[in-house]
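Data block below; observations after.
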Amino acid sequence: MDLDQDSIKRLEKAITDLRKHNFFRMHDSLWRLIVFSLIRGLASGLGWVIGATILVYLLTIILSQIEFIPIVGEWAARLIEQIEKFDK
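With our numbering, letter number 45 in the sequence shown gets 32, and the count goes up by one each step, no holes.
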């Protein structure tokens, strides 16, 4: 397969552009990679905590509305009491 000079120049330019890409610059240095991974992990953990908090809050509100089922209503009432005690 014969590559002409134009094809080689375009390939060199594509490789140079790829080396300038943020992904490769970030993974070029071990410290950049560590800092990026740490920040990404913190953001992911924070997202999980916020999502779980919202989910538990909504579940508690929904369960507090179900008082006609004795076991679930009683359990939800105790759960709400515990949350209110914790808030004070």
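Heads up, the beta-carbon is just placed ideally off N, CA and C, and yes, glycines get one too.
Beta-carbon proximity of residue i to residue j, cut-off 7 angstroms
i, j, result
"Ala63", "Leu50", "yes"
"Gly60", "Ile70", "no"
Option in the options with minimal Cα separation from residue i
i, options, result
"Leu45", "Asp15, Leu66, Phe23 and Ile2", "Leu66"
Chain D within 7 angstroms of residue i, Cβ atoms only
i, result
"Gln52", "Among the chains of the structure shown, chain D does not appear; only one protein chain is present."
Proximity test, residue i beta-carbon vs the ligand HEM heavy atom, cut-off 6 angstroms
i, result
"Ile67", "Absent from the structure shown: the ligand HEM. Ligands present: none."
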